[in-house]
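Working notes for the structure below.
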Amino acid sequence: MRRSERLIGLTKHLLDRPNQAVSLSEIQGLLEAAKSSLSEDVGFIRQALENLQQGTVQTISGAAGGVRYVPRLSDTERALFSAEMVERLSDPSRMLAGGFVYMSDILGDPLVIDYVGRLFAEAFVTSGVNVVVTVETKGIPLAVATAHYLHCPLAIVRREHRVTDGAVVSVHYVSGSNRRIQSMSISKRAMPDFARALVVDDFMKAGATCKAVVHLLAEFQATVVGTAVFAATAEPLQKLVDDYKALFEVSDLEEGRVPVVRSTMFWETQ
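Structure representation (structure tokens):
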């Protein structure tokens, strides 16, 4: 195999497995190359990715040895994505009764989902996340993308218990939108031991739903490392959850009015 072919194959192998440890022995068998040659290839790929601001390749020490691709978005991609989302969210026809924003088309765009997943993963990659948690249904695509880039499982909180979930843990909470008592549950089998959970959702107003998820996870003695949402309202200023990150902030949510959308995208990684 020529080096150019090997570089393409190795790059694809790493990019398909973000934040996943890959042993050099595995790559050696796949590409039929000596470890010394692969080490040189990894250095070349690392330099190229860093020059393009597309992340880096970390070397994993140890007897087996290995590498891990840690992705990121370039500054140019961030700026273009931010500007496009602000423009799309600023459309007054998106304003719904009750102070909500129609975002189903945006959050159904595969490229948007992918970008959001990469941004959330980049923000929490050093937090030791071993499970991503979301509430059905609109937050699921974002949570799937985030779990992919963090290389960890996804646990879905249900509003109604399904028999296929097996044994579940449930809590009751007061909805922030209609002030009604609601319930949510999560399968016991979905949560890993010693969980370090990242809560992902599409939209936050007061944060009642996310707070209920935090209380639910407390039943598993899980540590919640943070909450990541696509968009949050400017009011109320004080949310019911303290540690959250939102990509966008929306205010003046009244039907027929032009909303004020501000990018609050976190540009620095943790």
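For the sequence shown, the working numbering begins at 222 and goes up steadily by one. Glycine included, C-beta positions come from ideal geometry on N, C-alpha and C.
(message) My output table needs one value for residue 466: the three-state DSSP class, helix, strand or coil.
(response) For this step, residue 466 is matched to residue 245 along the sequence shown. Strand, per DSSP.
(request) Using 10 angstroms around the beta-carbon of residue 457, count the other beta-carbons present and answer buried if the total reaches 16, otherwise exposed. (result) For this step, residue 457 is matched to residue 236 along the sequence shown. Under this definition residue 457 is an exposed residue.
(message) Measuring only the C-alpha atoms, how far is residue 479 from residue 321?
(response) Here residue 479 refers to the residue found at position 258 of the sequence shown. Here residue 321 refers to the residue found at position 100 of the sequence shown. When rounded, the distance between both Cα atoms is 13 angstroms.
(request) Could you tell me the distance, in whole angstroms, from the CA atom of residue 351 to the CA atom of residue 477? (result) For the purposes of this step, residue 351 is taken as residue 130 along the sequence shown, with counting starting at 1. For the purposes of this step, residue 477 is taken as residue 256 along the sequence shown, with counting starting at 1. Each residue's Cα considered, the two are about 42 angstroms apart.
(request) Taking only the alpha-carbon atoms, compute the straight-line gap between residue 466 and residue 354 and give it to the nearest angstrom. (result) As a first step, residue 466 is located in the sequence shown; it is residue number 245 there, counting from the start. As a first step, residue 354 is located in the sequence shown; it is residue number 133 there, counting from the start. Cα to Cα, the separation comes out at about 15 angstroms.
(message) What does the alpha-carbon distance come out to for the pair residue 431 and residue 441?
(response) In the sequence shown, the residue the question calls residue 431 occupies position 210. In the sequence shown, the residue the question calls residue 441 occupies position 220. When rounded, the distance between both Cα atoms is 16 angstroms.
(request) Tell me where the beta strand (DSSP E) around residue 375 begins and ends. (result) As a first step, residue 375 is located in the sequence shown; it is residue number 154 there, counting from the start. Per DSSP, residue 375 belongs to the beta strand (DSSP E) from 375-378.
(request) Ignore the nearest five residues each way along the sequence and tell me which others in residue 396's own chain have a CB closer than 8 angstroms to its CB. (result) Along the sequence shown, read from residue 1 onward, the residue named residue 396 stands at position 175. Taken in chain order, the residues that qualify are 402, 403, 429, 430.
(request) Return the chain-ordered list of same chain residues with a C-beta closer than 7 angstroms to the C-beta of residue 295, the five sequence neighbours on each side being excluded. (result) Indexing the sequence shown from 1 puts residue 295 at position 74. For residue 295, where only same-chain residues beyond five positions count, the Cβ hits under 7 angstroms are 273, 274, 275.
(request) Kindly list the residues whose CB is nearer than 8 angstroms to the CB of residue 490, restricted to its own chain and excluding five residues on each side of it in sequence; keep chain order. (result) As a first step, residue 490 is located in the sequence shown; it is residue number 269 there, counting from the start. Confidence at residue 490 is low in this model, with a pLDDT of 43, below 50, so its placement is unreliable and the value that follows should be read with caution. Result list for residue 490: 293, 343, 344, 346, 347, in chain order.
(request) List the endpoints of the continuous alpha helix (DSSP H) containing residue 361. (result) Translated into positions along the sequence shown, residue 361 becomes position 140. Taken as a continuous stretch (DSSP letters only), the alpha helix (DSSP H) holding residue 361 covers 361-371.
(request) Take the Cβ of residue 421 as the centre, count every other Cβ of all protein chains shown within 10 Å, and call the residue buried at 16 or more, exposed below. (result) Counting from 1 along the sequence shown, the entry for residue 421 is found at position 200. The residue is buried, with at least 16 neighbouring Cβ atoms inside 10 Å.
(request) Taking residue 266 as the reference, give the member of 405, 319, 236, 315 with the closest Cα. (result) Residue mapping note: residue 266 aligns to position 45 of the sequence shown, counting from 1. Nearest of 405, 319, 236, 315 to residue 266, Cα basis: 236.
(request) Under 7 angstroms Cβ to Cβ from residue 263, same chain only, skipping five residues before and after it: list those, please. (result) Numbered from its first residue, the sequence shown carries residue 263 at position 42. Cβ within range, chain order: 278, 288.
(request) Mind checking who residue 417 pairs with in its DSSP beta bridge? (result) Along the sequence shown, one-based indexing puts residue 417 at 196. Per DSSP, 444.
(request) Select from 468, 417, 254, 427 the residue whose C-alpha is nearest the C-alpha of residue 459. (result) As a first step, residue 459 must be located in the sequence shown, where it is residue number 238. Ranking the options by Cα distance to residue 459, first place goes to 427.
(message) On the criterion of 16 or more Cβ atoms from any shown chain inside 10 Å, does residue 337 qualify as buried, or is it exposed?
(response) Position 116 of the sequence shown, counting from 1, holds the residue named residue 337. Its Cβ being crowded by 16 or more others within 10 Å, residue 337 is buried.
(request) Return helix, strand or coil for residue 289, following the three-state DSSP convention. (result) Translated into positions along the sequence shown, residue 289 becomes position 68. Looking at residue 289 - three-state DSSP - the assignment turns out to be strand.
(request) To the nearest angstrom, report how far apart residue 405 and residue 340 are at their CA atoms. (result) Reading the sequence shown from its first residue, position 184 is the one you call residue 405. Reading the sequence shown from its first residue, position 119 is the one you call residue 340. Each residue's alpha carbon lies about 27 angstroms from the other.
(message) What does the alpha-carbon distance come out to for the pair residue 323 and residue 451?
(response) Within the sequence shown, numbered from 1, the residue matching residue 323 stands at position 102. Within the sequence shown, numbered from 1, the residue matching residue 451 stands at position 230. The straight-line gap from Cα to Cα measures roughly 13 angstroms.
(request) Pull up the distance between the alpha-carbon of residue 454 and that of residue 474, whole angstroms please. (result) Residue mapping note: residue 454 aligns to position 233 of the sequence shown, counting from 1. Residue mapping note: residue 474 aligns to position 253 of the sequence shown, counting from 1. Roughly 8 angstroms separates the two Cα atoms.
(message) Using CA atoms only, rank isn't needed, just tell me which of 482, 291, 392, 373 is closest to residue 379.
(response) Here residue 379 is taken as the residue at index 158 of the sequence shown, counted from 1. Considering only alpha carbons, the answer is 392.
(message) Quick check on the DSSP output: the beta strand (DSSP E) that includes residue 407 runs from which residue to which?
(response) Position 186 of the sequence shown, counted from the first residue, corresponds to residue 407. Note, residue 407: beta strand (DSSP E), 402-408.
(message) Taking 6 angstroms as the limit between beta carbons, can you name the residues of its chain near residue 424, skipping five residues before and five after?
(response) The residue labelled residue 424 in the question sits at position 203 within the sequence shown. Same-chain partners within the cutoff: 452.
(request) May I ask you to report which of helix, strand or coil DSSP gives residue 225? (result) Position 4 of the sequence shown, counted from the start, is the residue given in the question as residue 225. Note: residue 225 maps to helix in three-state DSSP.
(request) Sort 418, 394, 377, 385 by Cα distance to residue 407 and report the nearest one. (result) For this step, residue 407 is matched to residue 186 along the sequence shown. Per the Cα distances, 377.
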